[in-house]
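Below is one structure, written out as structure tokens; comments come after it.
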Amino acid sequence: MGRARGSIAAALTLAALGASGCGGSGEENTGPTPVRIFPIAGTPLKRLVVTPEAATRIGVQTAPASATAGPGGARMVVVPYAAVLYDANGAPSVYTSPAARVYIRHPIGIDHIAGNTAILKQGPTAGTAVVVVGADELFGAETGVKGG
Numbered sequence: 022m023g024r025a026r027g028s029i030a031a032a033l034t035l036a037a038l039g040a041s042g043c044g045g046s047g048e049e050n051t052g053p054t055p056v057r058i059f060p061i062a063g064t065p066l067k068r069l070v071v072t073p074e075a076a077t078r079i080g081v082q083t084a085p086a087s088a089t090a091g092p093g094g095a096r097m098v099v100v101p102y103a104a105v106l107y108d109a110n111g112a113p114s115v116y117t118s119p120a121a122r123v124y125i126r127h128p129i130g131i132d133h134i135a136g137n138t139a140i141l142k143q144g145p146t147a148g149t150a151v152v153v154v155g156a157d158e159l160f161g162a163e164t165g166v167k168g169g
């Protein structure tokens with residue numbers, strides 16, 4: 022539950038990124054959109070492209086997914102648990118970063134959680150950069166959660 026509330030609060034923070042300040046001028050921000058979202062053809066996935074300023078405000082940090090031996094010697098991918106997001110239905114996902122300031126949310130299957138790591142049965146390959154700080158804000162931008 023704490024992560025869900027944190028996700029909502031973080032999303033509200035990102036929604037404010039495009040605001041022109043706290044003053045009551047009533048004018049809209051005419052600067053660049055902090056996050057642009059593009060559908061990825063042939064998939065349900067979306068590519069998020071973040072401006073340098075938004076990336077700095079969010080403080081996005083990534084870490085590489087790694088591999089470990091699973092039952093019977095099968096290779097399993099491990100990500101920091103901090104990278105795992107849950108949507109409103111409890112479905113887990115992680116954001117990957119294929120390029121600087123570019124992020125894609127991928128559904129994952131979790132085999133189990135061990136301390137601060139999530140051992141996956143489905144997800145990115147070992148070596149893939151996953152977002153460990155700032156994923157909540159990216160999720161808010163992608164899903165359109167706005168502050169009131």
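Counting from 22, one number per residue, gives the positions in the sequence shown under the working numbering. For each residue, glycine too, the CB sits at the ideal point set by N, CA and C. Predicted model, so just to flag it, every value in this text is computed and none were measured.
Report, in whole angstroms, the separation of the C-beta atoms of residue 98 and residue 88, which I expect to be a contact under 8 Å.
-> Within the sequence shown, the letter at position 77 stands for residue 98. Within the sequence shown, the letter at position 67 stands for residue 88. So it is a contact: roughly 6 Å between Cβ atoms.
Pull up the distance between the alpha-carbon of residue 58 and that of residue 86, whole angstroms please.
-> Mapped onto the sequence shown, residue 58 falls at position 37. Mapped onto the sequence shown, residue 86 falls at position 65. Their backbone Cα atoms lie some 24 Å apart in a straight line.
Return the chain-ordered ranges of every beta strand (DSSP E) run that is complete within the region 92-168 and spans a minimum of 3 residues.
-> With a minimum length of 3 residues, the continuous beta strand (DSSP E) runs that stay inside the region 92-168 are 96-101, 113-120, 123-128, 130-135, 138-143, 150-154.
Count the CB pairs spanning the region 122-138 and the region 147-167 that are closer than 8 Å, and state whether there are at least three.
-> yes
Just the C-alpha distance for residue 68 and residue 61, rounded to the nearest angstrom, thanks.
-> For the purposes of this step, residue 68 is taken as the residue at position 47 of the sequence shown. For the purposes of this step, residue 61 is taken as the residue at position 40 of the sequence shown. Residue 61 has its alpha-carbon roughly 7 Å from the corresponding atom of residue 68.
In the DSSP assignment, find the unbroken beta strand (DSSP E) run with residue 88 in it and report its ends.
-> Against the sequence shown, residue 88 aligns to sequence position 67. 87-90 is the extent of the beta strand (DSSP E) around residue 88.
Between which two residues does the alpha helix (DSSP H) harbouring residue 65 extend?
-> Residue mapping note: residue 65 aligns to position 44 of the sequence shown, counting from 1. Taken as a continuous stretch (DSSP letters only), residue 65 belongs to no alpha helix (DSSP H), as it is neither H nor E.
Sort out for me which residues DSSP pairs residue 57 with in a bridge.
-> Here residue 57 is taken as the residue at index 36 of the sequence shown, counted from 1. Its beta-bridge partners are 70.
Buried or exposed (CB count within 10 angstroms, at least 16 for buried), residue 11 = Since the displayed the chain opens at 22 and closes at 169, residue 11 lies outside it and no answer follows.
Distance, Cα to Cα, residue 72 vs residue 92?
-> The residue labelled residue 72 in the question sits at position 51 within the sequence shown. The residue labelled residue 92 in the question sits at position 71 within the sequence shown. Rounded to whole angstroms, residue 72 to residue 92 spans 42 Å at the Cα level.
Nearest CA to the CA of residue 173: which residue from 145, 108, 79?
-> For the chain, the structure presents residues 22 to 169; residue 173 sits outside this window and is missing.
Separation of residue 96 from residue 53, as counted between CA atoms = For this step, residue 53 is matched to residue 32 along the sequence shown. For this step, residue 96 is matched to residue 75 along the sequence shown. The alpha-carbon atoms of residue 53 and residue 96 are separated by roughly 43 Å.
Buried or exposed: residue 116, going by 16 or more other Cβ atoms within 10 Å of its Cβ?
-> Taking the sequence shown and counting its residues from 1, one reaches residue 116 at position 95. By the 16-neighbour rule on beta-carbons within 10 angstroms, residue 116 is buried.
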